[in-house]
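*Asks:* Please see the structure below; I have some questions.
Chains as they are written, first to last, in UniProt numbering: chain A, 1 to 199; chain B, 1 to 199.
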């Protein structure tokens, strides 16, 4: 393919490359059990979480939260998805792979535009702004909701206990929104209580 | 699942229902040929088109374009995807099914919030605001790009000619952005010219 202007050509090349995020599979299964979720549809779902749960994050710029969530997994095109509950992860190696991915992928765009999107990803990763904290919290909340809807999901796959769920998901979700975490806590407690009752 | 406040419970129910858009399949194949695209990942891809191609729509509120694109296919959860190049479509029946879908799905949310999202979908469908026209144009441009990347794609499936592509995709894409349509025209002409040269 050729295109008339160099800037437009680079934008279209980047958008064509994004196609590959539809083939990056995550650990979460779809609720209907038919297959695993991919990172592109996960990103859409999270952007909808931001639109719909905005009332639980007063003062947060929801438009920027949506942008953070749209780009937050793009590095996985090169670096792959790292399961959240996987033990023994080499965090330095993962960060190195994701940084190299960000340099290549955002480098496809015209300079300032690539830098703007890269800055959004850096902001998400740093989780220091209210927008990034809300985005990170939603990224933890969505798999919790999927696991509850599939009666265990990846918690069963990785033998994750109630205490581990509370310890790993609590801080990011509560940091995003105390009332979202209060609701999630009730749902998580009820799920594991029902499990114990069945055992 | 139960949740503490009625409003939060309704928001979570709506987000859980959105899960189903990941299982609505479109006619377009992924570029790697592995399967058909679904409407959730398509919606993410389009939101990225809006972020990246914003320089081609000066004066347009890109944040609202992104919101329009995130919600534009949600009615397909009930009404299904209607192939763009399918002949003999019953447009009144499709509109009826999509309106019923919008009433049910957006009705899951608390009143004013459901009405706000429903209004975004109505705005997209009406294609009268600059934001909706840009969103509609991107929704036409993305399948064109996928078809070019797969050397024909749905154009071959539906025996669509160069003249039909130009007639069907030209007005919405040119209405969104003349320079995007100029670029797309070059790419479409080159694709069909190469086809003729191979024949």
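No residue lacks a Cβ here, since even glycine has one placed at the ideal position from N, Cα and C.
Any beta-carbon of chain B closer than 8 Å to the one on residue 38(A)?
*Replies:* True, the Cβ-Cβ gap to chain B drops below 8 Å.
*Asks:* What is the rounded straight-line gap between the Cα of residue 120(A) and the Cα of residue 168(A)?
*Replies:* Rounded to whole angstroms, residue 120(A) to residue 168(A) spans 24 Å at the Cα level.
*Asks:* Hey, quick one: how far does the alpha helix (DSSP H) through residue 163(A) stretch, first residue to last?
*Replies:* Start and end: 162-176.
*Asks:* For residue 96(A), name the three-state secondary structure that DSSP assigns.
*Replies:* In the structure shown, residue 96(A) sits in a helix (DSSP, three-state: H, G or I).
*Asks:* I'd like to know if the stretch 186-197 of chain A and the stretch 25-41 of chain A are in contact, where contact means that at least 3 CB-CB pairs between them fall below 8 Å.
*Replies:* The answer is no - the stretch 25-41 of chain A does not touch the stretch 186-197 of chain A, with fewer than three Cβ pairs under 8 Å.
*Asks:* With a threshold of 8 Å between beta-carbons, can residue 198(A) be considered close to chain B, or not?
*Replies:* With 8 Å as the cut-off, residue 198(A) does not count as an interface residue toward chain B.
*Asks:* What are the boundary residues of the alpha helix (DSSP H) that residue 13(A) is part of?
*Replies:* Taken as a continuous stretch (DSSP letters only), the alpha helix (DSSP H) holding residue 13(A) covers 6-18.
*Asks:* Can the beta-carbon of residue 68(B) be found closer than 8 Å to that of residue 180(B)?
*Replies:* In this structure, residue 180(B) does not lie closer than 8 Å to residue 68(B) by Cβ.
*Asks:* Residue 32(B) CB to nearest chain A CB: under 8 Å?
*Replies:* Yes, residue 32(B) lies at the interface with chain A (some Cβ there is under 8 Å from its Cβ).
*Asks:* Measuring straight from C-alpha to C-alpha, what distance separates residue 45(A) and residue 18(B)?
*Replies:* Between residue 45(A) and residue 18(B), the C-alpha separation is close to 7 Å.
*Asks:* Residues of chain B with CB closer than 9 Å to the CB of residue 66(A), please, in chain order.
*Replies:* Those within 9 Å of residue 66(A) in chain B are 47, 63, 66, 67, 70.
*Asks:* Give the straight-line distance between the Cα atoms of residue 57(A) and residue 131(A), rounded to the nearest whole angstrom.
*Replies:* Taking the straight line from one Cα to the other gives about 9 Å.
*Asks:* Can you confirm whether residue 165(A), when its beta carbon is compared against all beta carbons of chain B, has any partner nearer than 8 Å?
*Replies:* False, the Cβ-Cβ gap to chain B never drops below 8 Å.
*Asks:* Since residue 51(A) and residue 108(B) are thought to touch, with beta carbons under 8 Å apart, how far apart are those beta carbons, to the nearest angstrom?
*Replies:* Contact doesn't hold; Cβ gap of about 14 Å is too wide.
*Asks:* Show which residues of chain B have a CB atom less than 8 Å away from the CB atom of residue 22(A).
*Replies:* Simply 30, 37, 41, 45.
*Asks:* How would you write the range of the alpha helix (DSSP H) that residue 28(B) sits in, first residue to last?
*Replies:* Per DSSP, residue 28(B) belongs to no alpha helix (DSSP H); it is in the beta strand (DSSP E), 25-29.
*Asks:* So residue 86(A) contacts chain B; which residues on that side make the cut at Cβ distance below 8 Å?
*Replies:* The contacting residues do not exist; residue 86(A) stays about 23 Å from chain B at best.
*Asks:* To be precise: take each residue of the stretch 133-159 of chain A, compare its Cβ to all Cβ atoms of chain B, and keep it if any distance is under 7 Å. Which residues remain?
*Replies:* Listed in sequence order: 145, 148, 149.
*Asks:* Could you check whether residue 172(B) and residue 136(B) sit closer than 8 Å to each other, using their CB atoms as the reference points?
*Replies:* Contact: yes.
*Asks:* Kindly indicate which residue of 62(B), 77(B), 88(B) has the alpha-carbon position closest to the one of residue 100(B).
*Replies:* Measuring from the Cα of residue 100(B), the nearest candidate turns out to be 77(B).
*Asks:* Would you kindly work out how many angstroms separate the C-alpha atoms of residue 157(B) and residue 40(B), rounded to a whole number?
*Replies:* Using only the alpha carbons, I get a separation of about 22 Å.
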